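**Q** First, the structure itself, so that you have it in front of you.
Chains as they are written, first to last, in the numbering used here: chain A, 155 to 772; chain B, 8 to 53.
So, in structure tokens, the structure goes:
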């Protein structure tokens, strides 16, 4: 951190918050709120005079509340810049008449109670998102008694208690009586790998952290007895198995089973841990002086704000979703944005450094080239047809379309550097004013018409997205899975491209069944485009019902590239549905939709026209 | 407590209840019977 702070080409903006991000790769404008510190960070020499006179003491967040700090303080010993900051919520000196003792004590006049928050705009080409994570609060697991029993602490609190720069200067003691604990229990997976309480995924770092803690205890206090209660130890990294072995050799006992209850002896404050030892197959009770809960890792509480600022999506776990889990693991779906550390998923220091290095390299490549290669598949707006409704700008998952202004006759503009080519805008445009290059309406309609030119009642029209469902069908084929052959596949980049008119045209031409298929929500390659697909299909079901067409004839499936088996099963189900659609039903549908189309065409003739072709070439 | 709504599977015709919040965006749903994603919310008739 010191190195970064001193680097001539790195500007650290501490005590700051990103409030707005505008633009696109190569041209981001980031608005940063620089919060008032009330201390001149350039002049302050951290002499400590102000701290000595400050009368306010509040719990020290860095020390997990085990010690106190003053209202004027340095957040942690290695913080950069190494200067004081005033916690104005706790300070009495907002009105210098009330206190102002730090002001008097500071010989260099560094303190300024009139300091204000400032907003600065930064022009940057790329952004690396390294916003970290939060830890799980185990209070809700009442049987472990966290906050009820003084000697039940979390792994984060353990770190402070045993650290030389901690509140006890590394003299490990238990909170209830400040005596050194001789029997310590560690409970793993607290708030992790649980569907009911906490999160379902593995915290990734807790096993190795506990192993390290047992070694620390064995090193500092060889007479301490450590017991680790676990489901299974995940020591998967380089050198980790060796560390695990050393921990066991150093005397740590590993007991397979998560405790069901902790009970405190009110007098001694000792803790009795009741556990089913699944290796021995018996119920056990262990009396301990202290219990450490290895708490899980959760996404940051303000992660939704970051996602909104940078137009990012999340995985089912709530962490930021990468562009591709194998091929672009540090890239965000929005071009020019990269991830490092636990914002993307829980990881240890080594993996965080690895990912940060990769992110810096990926950002460096873009910046050194000075130009970006964009997709050929982008959208284009025809000003003659646009009615300024702004629907395209609203649905774009990348904010790649500027909102139009009807009064100023300002057409929406497609920022091609930001457009990823999902085609949701084209599918949602009510006047067909948007052309999706390489996946135009004419091209897709021509495929539908060709498939249904002969024996349409035998064909099932399937729209499959490029990234998941289409490869899923490929996998079914290469796996030699057997399924009916009535499906006729039309590939689109995203299921979001499948416009209402494609589906209705297929029914009008005699298709008995239509399937729209895309990525699972958590896998969507276009942030949230798949959600617009679902909304559109739900509307279509309603519309079909109103028109007198059975909604069951329009099917929706989320099929990943790895689900060849699901693809085959869906085809078999669709074939069963197809057999139930009679020729009479198809004929009636054709008649209804032909009438509907004639009505729409008549209505469209009276529509106003505006502007010229708008597309900003980047 | 999250709200619930009635859903119908457009593949197998099964009727079932699932968590549903009007304010939340679309969610991936699957029929508990046939696992199809062609799941439609049954709106209350006014």
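Quick reminder that beta carbons are idealized off the backbone N, C-alpha and C, glycines included. Only a predicted model underlies this, so the values are computations on that prediction, with no experimental measurement involved.
Quick check for students: name the residue ranges of the beta strand (DSSP E) that lie wholly in the region 500–585 of chain A, counting only runs of 3 or more.
**A** Here the runs fully enclosed are 533–535.
**Q** Using a Cβ-Cβ distance under 8 Å, would residue 33 of chain B count as near chain A?
**A** Yes, its Cβ sits closer than 8 Å to a Cβ of chain A.
**Q** Leaving out the 5 sequence neighbours to the left and right, which residues in its chain are closer than 6 Å to residue 179 of chain A when beta-carbon positions are compared?
**A** The residues are 489, 490, 526 and 571.
**Q** Ignoring anything shorter than 4 residues or poking outside the region 644–700 of chain A, list the alpha helix (DSSP H) runs there in chain order.
**A** As far as the region 644–700 of chain A is concerned, its whole alpha helix (DSSP H) runs of at least 4 residues are 654–662.
**Q** So what does residue 262 of chain A bridge to, in DSSP terms?
**A** Bridge partners of residue 262 of chain A: none, in fact.
**Q** Can you confirm whether residue 54 of chain B, when its beta carbon is compared against all beta carbons of chain A, has any partner nearer than 8 Å?
**A** In the structure as shown, chain B begins at 8 and stops at 53. Residue 54 of chain B is therefore absent and cannot be evaluated.
**Q** Could you tell me the distance, in whole angstroms, from the CA atom of residue 766 of chain A to the CA atom of residue 568 of chain A?
**A** At residue 766 of chain A the pLDDT is 44, less than 50, meaning the model places this residue with poor confidence; the figure from the coordinates comes in the next sentence. One C-alpha to the other measures close to 14 Å.
**Q** In chain B, what lies closer than 8 Å to residue 727 of chain A by C-beta?
**A** Result: 18, 41 and 43.
**Q** Restricting to Cα atoms, I'd like to know which of A/394, A/711, A/356 and A/427 is closest to residue 366 of chain A.
**A** Nearest option by C-alpha distance: A/394.
**Q** Which residues, taken in chain order from the region 667–681 of chain A, show a beta carbon closer than 7 Å to some beta carbon of chain B?
**A** Flagged, chain order: 674 and 675.
**Q** Am I right that residue 644 of chain A and residue 617 of chain A are in contact with their C-beta atoms under 8 Å? What's the rounded C-beta distance?
**A** Right, their Cβ atoms sit about 5 Å apart.
**Q** Could you tell me which chain B residues have their CB closer than 8 Å to the CB of residue 712 of chain A, listed as they occur along the chain?
**A** The contacting residues are 35 and 44.
**Q** In its own chain, which residues sit with a C-beta less than 8 Å from the C-beta of residue 36 of chain B, not counting the 5 before and 5 after it?
**A** Answer for residue 36 of chain B: 14, 25, 44 and 46, listed in chain order.
**Q** Considering only their Cβ atoms, is the gap separating residue 253 of chain A from residue 204 of chain A smaller than 8 Å?
**A** Taking 8 Å as the Cβ cut-off, residue 204 of chain A and residue 253 of chain A do not qualify as a contacting pair.
**Q** Mapping DSSP to helix, strand and coil, what is residue 160 of chain A?
**A** Correct three-state label for residue 160 of chain A: helix.
**Q** If the cut is a Cβ gap below 7 Å, which residues of chain B does residue 706 of chain A touch?
**A** Within 7 Å Cβ-Cβ: 17.
**Q** Can you say whether residue 441 of chain A is buried or exposed, counting buried as having 16 or more other CB atoms within 10 angstroms of its CB?
**A** Per the 10 Å Cβ criterion, exposed.
**Q** In the structure shown, what three-state DSSP assignment does residue 398 of chain A receive?
**A** It is helical.
**Q** Rounded to whole angstroms, how far is the Cβ of residue 551 of chain A from the Cβ of residue 465 of chain A, which I believe are closer than 8 Å?
**A** Going by Cβ atoms, the distance from residue 551 of chain A to residue 465 of chain A rounds to 7 Å, so yes, they are a contact pair.
**Q** Threshold first: 3 residues or longer. Then list the beta strand (DSSP E) segments lying entirely within the region 252–339 of chain A, N to C.
**A** Taking only runs of at least 3 residues, the beta strand (DSSP E) segments lying wholly in the region 252–339 of chain A are 272–278, 281–283, 287–289 and 306–308.
**Q** Take residue 565 of chain A as the anchor and find which of A/755, A/396, A/535 and A/486 has the nearest alpha-carbon.
**A** Of A/755, A/396, A/535 and A/486, the residue nearest in Cα terms is A/535.
**Q** Answer yes if the region 309–321 of chain A comes into contact with the region 450–460 of chain A, meaning at least three C-beta pairs across the two stretches below 8 Å, and no otherwise.
**A** Too few Cβ pairs lie closer than 8 Å, so no.
**Q** At least one CB of chain B closer than 8 Å to the CB of residue 709 of chain A: is that the case?
**A** Yes, residue 709 of chain A counts as interfacial toward chain B.
**Q** Flag this pair as yes or no: are the beta carbons of residue 602 of chain A and residue 615 of chain A separated by less than 8 Å?
**A** Yes, these two residues count as a Cβ contact at 8 Å.
**Q** Taking DSSP as the reference, what is the three-state secondary structure of residue 779 of chain A?
**A** The requested residue 779 of chain A does not occur in the structure, where chain A is confined to residues 155 to 772.
**Q** Give the range of the alpha helix (DSSP H) segment to which residue 208 of chain A is assigned.
**A** Element bounds for residue 208 of chain A: n/a, residue is neither H nor E.
**Q** Scan the region 394–409 of chain A for residues whose Cβ lies nearer than 7 Å to a Cβ of chain B and list them as they occur along the chain.
**A** The region 394–409 of chain A vs chain B, Cβ under 7 Å: nothing.
**Q** If you check the beta carbons only, do residue 219 of chain A and residue 290 of chain A fall under 8 Å apart?
**A** No, they are not a contact pair.
**Q** Below 8 Å, how does it come out for the region 628–637 of chain A and the region 652–668 of chain A: are there three or more Cβ pairs, yes or no?
**A** No, they do not touch.
**Q** Which residue comes first and which comes last in the alpha helix (DSSP H) that contains residue 458 of chain A?
**A** Looking at the DSSP string, the run of the alpha helix (DSSP H) that includes residue 458 of chain A is 457–464.
**Q** For residue 275 of chain A and residue 302 of chain A, I'd like the C-alpha separation in whole angstroms.
**A** Answer to the nearest angstrom: the Cα atoms are 47 Å apart.
**Q** Indicate the three-state DSSP secondary structure (helix, strand or coil) for residue 242 of chain A in the structure shown.
**A** It is coil, neither helix nor strand.
**Q** In chain B, which residues lie with their C-beta within 8 Å of the C-beta of residue 692 of chain A?
**A** Simply 33, 47 and 48.
**Q** Would the beta-carbon of residue 593 of chain A be found less than 7 Å away from any heavy atom of the ligand ZN?
**A** In terms of ligand content, the structure shown is empty, and the ligand ZN therefore cannot be addressed.
**Q** Please check if any C-beta of chain B sits within less than 8 Å of the C-beta of residue 688 of chain A.
**A** Chain B contact via Cβ: present.
**Q** Please say whether residue 650 of chain A and residue 744 of chain A have beta carbons closer to each other than 8 Å?
**A** No, Cβ-Cβ distance for residue 744 of chain A and residue 650 of chain A is not below 8 Å.
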